[in-house]
Amino acid sequence: MKIAVIGATGMIGHHTAKAVIAAGHQLFVVHRKSSRLDRIKDLDFTSAVADLDDRSSLTQALSAVDGVINCAAYYPTIPRKWQQDVAIATQQMENFYSACSQCDLKKIVYLGAAIALQKNSSGEPGHAELEYPSQPKNKNPYLQVKWALDKLAKQQAQQGLPVVIGIPSMTFGEFDYGPSTGQLIVGIANGSLPGFISGNRNTIYAGDAGRGLVLACEKGKVGERYLFTGSNITMAELVPLIAKVAGAATLKTVPLFVAKTMSKLQEFRYHWLAGPLPKVTSTAIAVISAGQFLDGTKAETDLGFKATLSVEQTIQKTYLWFKAQGYINT
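Everything in the sequence shown is counted per the working numbering, starting at -18 for the first residue and increasing by one.
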């Protein structure tokens, strides 16, 4: 297959692009004009310029491929009303699906997020079939965006597009230039985080996540969600593990209400006092506080997916990459 990857210069996108090649497919990178293609110089690919805000450019870019994996779904970064974030995210994905409908695609993979799944009321690990009965009451922008995009993906599948939803758990790995989830590792290593919020997580290596998304493109059933999971671990276990790998002091827990207060104060300073972007974001708080252990049995059964790296190996590889790239103070 000739598989397009949108968002290949990001962490998950880069690893997905590598997995496309490793699986014997042709890699086609769809990127914005401003994308740093030097960051994917290790890959063999052809490419086209397109933008999720430009439907016609997407249609043209996707016209010559067999499948597409969209690793570039909207992520709230600037504090604003959640309705604005949802409107922007939805419009971009509607552009994407509209373009896909004009092309002869065998499979369309949407990179979703576990936060779109309601917590398992039984206390057991969350699974791919969990649903919110209605729009979540929590108006956190990240939660609202990911819930809306998950709903949209399922609607598109019901309307005939070959859409599959792939959801990696909390992902760590190389090429996290932001950094995104890797900020936890960088912050602990540099002693710049004030503390951590308790909670349950599932972590996965980005290379495994990318391989899972390619399997979803190859074998995924239309309209289905697949969770790509690695290790279930509490934050109280994960943080000391990162500190040990980094040779740094571990952190103390911060009550959720304290973290939310810090976030609100920093967002107020940003909005009204021309301050810097918040370091403690409402998105980060939502991701951590809404976490749960996850069960990836469905992906293992249907797709043959199984993570290869332990959480310890994942943190070690990621830390060494950050250190080599100069993110870690020496």
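Ideal placement from N, C-alpha and C gives every residue a C-beta, glycine not left out. Predicted model only: the values in this text are computed from it and were never measured.
Could you spell out where the beta strand (DSSP E) holding residue i opens and where it closes?
i        : result
Ala(-15) : -17 to -13
Gly5     : Neither: Gly5 is in no beta strand (DSSP E) and is coded neither H nor E.
Ile146   : 144 to 149
Ala29    : 27 to 30
Ile50    : 48 to 51
Taking the straight line between their C-alpha atoms, what separation do you get for residue i and residue j?
i        : j       : result
Gln125   : Gly172  : 32 Å
Val312   : Ser38   : Since the first and last residues shown for the chain are -18 and 311, residue 312 lies out of range.
Pro60    : Ile266  : 13 Å
Pro122   : Thr299  : 28 Å
Gly272   : Ala95   : 8 Å
His(-4)  : Gly193  : 10 Å
Trp302   : Glu155  : 6 Å
Leu290   : Ile(-7) : 15 Å
Leu111   : Trp128  : 12 Å
Thr264   : Ser79   : 28 Å
Met(-18) : Leu98   : 31 Å
Ile169   : Ile185  : 19 Å
Thr152   : Gln116  : 26 Å
Mark residue i as exposed unless 16 or more other C-beta atoms lie within 10 angstroms of its C-beta, in which case mark it buried.
i      : result
Glu205 : buried
His12  : buried
Trp253 : exposed
Pro236 : exposed
Thr282 : exposed
Arg17  : exposed
Lys325 : This structure does not reach residue 325, given that the chain is present from -18 up to 311, and the question cannot be answered.
Asp32  : buried
Ser244 : buried
Ser212 : buried
Ala230 : exposed
Leu208 : buried
Thr381 : Outside the modelled stretch of the chain, which goes from -18 to 311, sits residue 381, for which no answer is possible.
Quick one: what does DSSP say residue i is sitting in, helix, strand or coil?
i        : result
His108   : coil
Phe286   : coil
Gln99    : coil
Lys398   : Lying outside -18 to 311, the shown extent of the chain, residue 398 is not represented and no answer is given.
Ser37    : helix
Ser173   : coil
Ser16    : coil
Tyr56    : coil
Ala278   : Per the sequence presented here, residue 278 reads as Thr, with Ala not at that position. Three-state DSSP puts Thr278 in a helix.
Thr(-10) : coil
Thr152   : strand
Thr(-3)  : helix
Looking at the unbroken alpha helix (DSSP H) that takes in residue i, where does it start and where does it end?
i      : result
Tyr186 : Note, Tyr186: premise wrong, no alpha helix (DSSP H); beta strand (DSSP E) at 181 to 186.
Ser244 : 237 to 253
Asn76  : 63 to 82
Thr299 : 292 to 305
Asp131 : 122 to 139
Phe267 : It is worth fixing the name first, because residue 267 is Ala in this sequence and not Phe. Start and end: 263 to 270.
Under a CB-based cut-off of 8 Å, is residue i close to chain C?
i      : result
Pro259 : The chain inventory of the structure shown lacks chain C, comprising one protein chain alone.
Taking the DSSP output, what are the residues bridged to residue i?
i      : result
Asn213 : Asn183
Arg206 : Ile146
Val10  : Val(-14), Ser28
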